[in-house]
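All remarks here apply to the structure that follows.
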Amino acid sequence: MRLRALLENDALGLRLLGGRDELDRTVRGVMTTDLKDPSRYLSGGELVLTGLAWRRTPQDSEPFVRLLAGAGVAGLAAGEAELGAVPDDLVGACVRHRLPLFAVNESVAFATITEYVVRQVSGERAGDLAAVVDRHRRLMTSGPAGGGPEVVLDLLGSDLDLRAWVLSPTGRLVAGAGEPPGGAGPALATEHLAATRAGRRAPHRVAVDGRTYSLFPVRAAGRGPASAGGPGGGPGPDVRESVLSDWLLAVEADAGEWAAARLDLLHGVTQLIAVERDRRDAARTVRRRLAQEILELVQSAAPPAEIAARLRVAAPVLLPGEGTAPHWQLVVARVDRDGETGGEGDAVDTGAVAQSLLEEILVDPAAAGMESGDRIAVAHSGGEAIALVPLVVPADATEEGTDGDGDGSGDGTPPAGGAPAAKPADTEPAHTGLRADVLLAAVRRPLAAGLADDGRLTLGVSGAVHSAEGLRGALEEARHARRVAAARPGRVCAAGHHELASHVLLLPFVPDDVRRAFTARLLDPLREYDRRHRAELVPTLEAFLDCDGSWTRCAARLHLHVNTLRYRVGRIEQLTGRDLSRLEDKLDFFLALRMS
153 MRLRALLEND ALGLRLLGGR DELDRTVRGV MTTDLKDPSR YLSGGELVLT
203 GLAWRRTPQD SEPFVRLLAG AGVAGLAAGE AELGAVPDDL VGACVRHRLP
253 LFAVNESVAF ATITEYVVRQ VSGERAGDLA AVVDRHRRLM TSGPAGGGPE
303 VVLDLLGSDL DLRAWVLSPT GRLVAGAGEP PGGAGPALAT EHLAATRAGR
353 RAPHRVAVDG RTYSLFPVRA AGRGPASAGG PGGGPGPDVR ESVLSDWLLA
403 VEADAGEWAA ARLDLLHGVT QLIAVERDRR DAARTVRRRL AQEILELVQS
453 AAPPAEIAAR LRVAAPVLLP GEGTAPHWQL VVARVDRDGE TGGEGDAVDT
503 GAVAQSLLEE ILVDPAAAGM ESGDRIAVAH SGGEAIALVP LVVPADATEE
553 GTDGDGDGSG DGTPPAGGAP AAKPADTEPA HTGLRADVLL AAVRRPLAAG
603 LADDGRLTLG VSGAVHSAEG LRGALEEARH ARRVAAARPG RVCAAGHHEL
653 ASHVLLLPFV PDDVRRAFTA RLLDPLREYD RRHRAELVPT LEAFLDCDGS
703 WTRCAARLHL HVNTLRYRVG RIEQLTGRDL SRLEDKLDFF LALRMS
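Written as structure tokens, this is what we have:
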């Protein structure tokens with residue numbers, strides 16, 4: 153608004169005392185003060201209201217006005233209640249600094265002026281922001297994004313003083329200036345999913361950690377009517393399918409106090425963000441297709457060479473810039489609805505729901521941004537989603553000679569002096585990858601709210617495999633782990649290959665492919681190492697177990713120094729992540745050797 157608008161409103165009863173040539177200045181806010189130096193609280197463009205309590209002598213006016221002019225305020229309005237009239241020294245100081253000065257009649261409350269200015273400024277800002285939102289929506293619909301959701305969230309903050317964030321269904325930050333206060337993202341997602349499943353009309357007003365938020369669903373195109381506030385609001389008929397995949401816009405404010413125009417504006421913001429969401433989903437199509445092709449080859453028992461060729465295509469897409477071939481892990485997910493199987497005739501395509509969930513679950517919860525899931529390829533078929541997860545395997549930093557044992561002798565003999573080589577501090581193999589027991593830790597509560605009382609999510613995680621030959625076994629292992637998870641209570645459950653202990657493998661109902669996957673996971677790293685370095689780790693392991701873990705007897709049988717034996721056993725533990733001092737790991741190795 154312009155300063156002259158204050159004079160045009162008779163209800164305010166303002167009289168201009170100076171600065172008529174400056175009435176076209178823009179007013180961006182209002183501030184009431186009686187401080188002698190309020191400059192630290194000014195940002196420019198304010199109408200300053202003062203009762204003159206700061207003025208003790210005529211000499212006080214000049215420094216006060218000089219500070220206001222230096223801060224870039226739009227004008228000064230002085231009340232007449234304190235002194236009966238605005239003093240001439242203040243009028244003179246304002247003239248010298250070209251600062252417009254108004255007199256406020258004692259019958260007019262400062263609150264009346266403040267309310268008028270705020271209403272006018274907010275209305276103009278909302279109109280300007282609505283135009284910006286509409287322009288961005290048209291641009292983003294027809295061409296490349298002009299900055300994405302961050303641009304509009306910045307405008308909400310700068311023009312409407314609204315803090316806002318775009319969150320995933322699990323509460324992960326997609327866009328916004330930093331995380332919601334106190335890490336409230338998962339709690340906000342939980343509240344949003346619960347309200348949506350309960351059929352409450354959006355926006356959802358919730359309180360988290362003493363702060364009030366309004367939650368607006370961001371529904372991707374083609375998923376039914378928009379469910380944000382405004383015309384056409386409310387959950388669509390396919391809410392069970394969309395609720396677990398739609399983003400949400402969280403605004404730190406109580407939308408119940410907003411006018412219809414502001415609700416419409418936020419509805420437009422959600423539509424704008426939905427355009428970016430659709431564009432992100434379109435970019436995932438290539439990765440989804442790669443996963444589908446590879447898994448179809450695996451399930452049709454295609455030759456390993458053909459599967460390996462497709463893996464070589466997938467690796468640079470999922471891990472751009474990595475020079476080494478990755479290891480692979482498979483994750484199987486299924487969403488089961490009461491009375492539904494996920495088939496084509498069902499009301500909800502649970503396979504597609506599981507696919508969207510798996511793409512979100514496999515993203516690091518701390519990874520913000522829209523493109524944080526670019527390394528994930530997920531296919532779905534028959535109500536089941538299957539993720540192909542690449543694992544970066546760093547080069548073996550311990551290799552120094554042709555045998556990999558440090559001195560090039562080829563038999564595992566330690567360096568001169570007889571002391572065993574030091575075991576690296578980090579003995580966990582680089583390809584251990586995802587663990588089911590931590591995969592759902594950050595997302596279990598929001599997902600349970602979205603599933604409500606008629607759905608379940610179960611996941612199974614395979615071990616890591618390093619070649620095409622191991623993928624079928626890994627798939628069966630992940631499926632078997634998911635069945636183990638399904639036997640547990642709870643709406644969201646997961647199980648991993650670590651839980652398929654040796655005694656489970658002895659049970660007759662376990663598929664042969666799972667046994668092969670178990671054996672390959674334990675022995676393949678040792679076989680590969682022996683092939684490359686002639687280190688004889690597998691024969692050493694067999695002899696060590698046959699001697700019941702006796703260092704002396706085993707060293708005598710293999711004609712090795714005890715220190716050399718300890719070095720080899722340490723290398724076995726390093727490559728497999730197992731501990732040969734533990735009975736469970738000894739038993740696993742024993743069974744793997746027998747089944748091989």
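In this note's numbering, the protein residues as written are 153 to 748.
For each residue, glycine too, the CB sits at the ideal point set by N, CA and C.
This structure is a prediction, so every number in the text was calculated from the model and none was measured.
Using the DSSP secondary-structure output, state which residues sit across from residue i in a beta bridge.
i: Q481; result: V541
i: H356; result: L367
i: S533; result: E536
i: G612; result: V484 and A647
i: A316; result: V403
i: L325; result: L319
i: A255; result: R167 and A230
i: R154; result: T178
Please classify residue i: is it buried, with 16 or more other beta-carbons within 10 angstroms of its beta-carbon, or exposed?
i: Q451; result: exposed
i: H419; result: buried
i: Y193; result: exposed
i: G222; result: exposed
i: L187; result: exposed
i: S310; result: exposed
i: G334; result: exposed
i: S213; result: buried
i: S259; result: exposed
i: E736; result: exposed
i: R679; result: exposed
i: Q481; result: buried
i: Q211; result: exposed
i: L305; result: buried
i: P660; result: Residue confidence is low: P660 scores 42 on pLDDT, short of 50, so the model does not pin down where it sits. Its coordinate-derived value is still stated next. So P660 counts as exposed.
i: V326; result: buried
i: V217; result: buried
i: A453; result: exposed
i: R271; result: exposed
i: R684; result: exposed
i: R734; result: exposed
i: T704; result: exposed
i: G374; result: Because G374 sits at a pLDDT of 47, beneath the cut-off of 50, its placement in the model cannot be relied upon, and the following sentence gives the value as read from the coordinates. G374 should be labelled exposed.
i: G231; result: buried
I'd like to know whether the C-beta atoms of residue i and residue j end up nearer to each other than 7 Å.
i: P750; j: G171; result: Here the chain covers residues 153 to 748 and nothing more, so residue 750 does not appear.
i: L798; j: V613; result: The chain is shown from 153 up to 748; residue 798 falls before or after that span and cannot be answered.
i: R357; j: G408; result: yes
i: I513; j: V595; result: yes
i: L540; j: A443; result: yes
i: G622; j: A588; result: no
i: V370; j: A316; result: no
i: I724; j: L693; result: yes
i: M747; j: R624; result: no
i: T342; j: R643; result: no
i: I459; j: A604; result: no
i: V483; j: T502; result: no
Closest by CA to residue i, which one among the options?
i: S508; options: D589, A604, S748 and W399; result: W399
i: G701; options: T728, L732, R679 and L678; result: L732
i: E198; options: D212, W206, R673 and R154; result: R154
i: L220; options: P338, L201 and T209; result: L201
i: H649; options: G615, G642 and T348; result: G615
i: H632; options: A744, A485 and R720; result: A485
i: L340; options: G351, A407 and L319; result: L319
i: V403; options: S397, V421 and A412; result: V421
i: G196; options: W206, G503 and G181; result: G181
i: T184; options: A405, D737, A157 and V256; result: V256
i: R396; options: I425, A347, P355 and P215; result: Correcting the residue identity first, residue 396 is Leu in this sequence and not Arg. Among I425, A347, P355 and P215, the Cα nearest to that of L396 is on A347.
i: D698; options: V469, E725, G337 and K738; result: K738
i: R107; options: A639, E628, A630 and H618; result: A query on residue 107 cannot be resolved here, the shown segment of the chain reaching from 153 to 748 and no further.
i: V247; options: L168, D430, A454 and V515; result: L168
i: V515; options: A504, V530 and G503; result: V530
i: E174; options: R208, D162 and L228; result: L228
i: W651; options: D665, P641 and A630; result: Checking the sequence, you will find Glu at residue 651 rather than Trp. Looking at the Cα atoms, A630 is the closest of the given residues.
i: L307; options: S619, L417 and L675; result: L417
i: D313; options: L159, L242 and D406; result: D406
i: R401; options: R349, Q726, D433 and E302; result: Checking the sequence, you will find Leu at residue 401 rather than Arg. Of the candidates R349, Q726, D433 and E302, the one whose C-alpha sits nearest the C-alpha of L401 is E302.
i: F166; options: D430, L415, F254 and V469; result: Just to set this straight, residue 166 is Leu in the shown sequence, not Phe. Checking every option, the nearest Cα to that of L166 belongs to F254.
Practice problem: Could you tell me which uninterrupted alpha helix (DSSP H) segments, each at least 4 residues in length, are contained entirely in the segment 408-492, listed from first to last along the chain? | Solution: The segment 408-492 is shown to contain whole alpha helix (DSSP H) runs of 4 or more residues at 412-435, 437-451 and 456-470, in chain order.
Practice problem: Could you tell me which uninterrupted alpha helix (DSSP H) segments, each at least 4 residues in length, are contained entirely in the segment 670-714, listed from first to last along the chain? | Solution: Entirely contained in the segment 670-714, the alpha helix (DSSP H) runs reaching 4 residues are, in chain order, 689-698 and 703-710.
Quiz item: Taking the runs of the alpha helix (DSSP H) that are 4 residues or longer, which of them lie wholly in the segment 164-239?
Solution: The segment 164-239 contains these whole alpha helix (DSSP H) runs: 213-223.
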